[in-house]
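To keep things clear, I will list the structure first and then write my remarks on it.
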Amino acid sequence: MERRVVVITGSSGGIGSAMVERFTALGDLVEGIDIDRGIDVSDPGQCQRVVADIVARHGRIDVLCNNAGVSAVGDVVDSSPADWQRVFDVNVFGTANMSRATLPVMRSQRSGAIVNTCSIVATVGLVQRAVYAASKGAVLALTKAMAADEVAHGIRVNCVSPGTVESPWVQRLVASADDPERSYENLRRRQPLGSLVSCETVADAVAYLAAPTTYTTGVDLLVDGGISGVRIVEGT
């Protein structure tokens, strides 16, 4: 089979690095995009230029993984207008910008797969995540709308929603807590399966959604350790 061209945003560190490793292991040609490499997905012009460069070099794009994201801690009162702008610029507008640049390429091919990194906070309320949750709720709705729009073009659009991931951001969050050990334990215990989600597990889910043999679109694949579907009540 011809090597797929896979574009991954937020490719440096955490889930993004795991995605790069996973698709590379599958034999795909991976193009990583990250702010650390000077590419800001919140800038529509930069997205158009980087996609044009990839197509010029490889002739096609088969998979787009919209993984770039930032988070914020706080409720609605604590969160500033700048917090809202920063998070939505990357999580929502960045996803739209890269999709806008890539979809014409996929449409001309009559094929392609887009996988957006969403989050369990899009559907389950968690404390102190107001801005982040709102942004991921938008990503979930955008995923379903794009899936409906692109099905006639032979393009599948899905998203993956992890629970709490053992990622650099979570590690920094825990380290900044007054009691890091207790903070980590609280994060671990809120997932019924008893551990944080690994970056590699999320990457496996993304690879599944992007596979040409996966016959689904408009789906939110939960990789959440049971948060959304299981309730454990001690003593029952």
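Numbering (our numbering), first residue to last: 16 to 251.
Glycine residues also receive a C-beta, built at the ideal position from the N, C-alpha and C atoms.
Under a 10 Å Cβ-count criterion, Y147 is classified as buried, with 16 or more other Cβ atoms of the shown protein chains found around its own Cβ.
Within the same chain, R18, R19, V21 come within 7 Å of D43 by CB-CB distance, once the 5 residues on both sides are set aside.
CA-to-CA, the gap between F38 and V45 works out to about 7 Å. Here the C-alpha atom of Y223 lies approximately 32 Å from the C-alpha atom of Q100.
For G109, the closest of R171, M121, C133, A192 by C-alpha to C-alpha distance is C133.
For S176, the beta-bridge partners assigned by DSSP are L237. Distances from the CA of I50 to each of D90, G178, V105, I30 were compared; the closest alpha carbon is that of V105. Secondary structure in the region 34-101: the alpha helix (DSSP H) runs of 4 residues or longer, each lying completely within the stretch, are 59-73 in chain order. Nearest to A160 by C-alpha distance, out of Y230, N173, G28, is N173. Boundaries of the beta strand (DSSP E) around N131: 127-132. In the three-state DSSP reduction, I30 falls in the helix class (H, G or I). For V245, no alpha helix (DSSP H) run applies, since DSSP gives it neither H nor E.
In this structure, DSSP gives R19 a state outside helix and strand, which the three-state scheme calls coil. DSSP places T110 inside the alpha helix (DSSP H), whose first and last residues are 109-124. In this structure, V66 sits away from A111, with a CB-CB distance that is not shorter than 8 Å.
Note: T24 is bridge-paired with I48 in the DSSP secondary-structure output.
For R125 against G169, the beta-carbon gap comes to about 4 Å, under 8 Å, which counts as contact. The secondary-structure analysis by DSSP pairs R204 with nothing; it has no beta-bridge partner.
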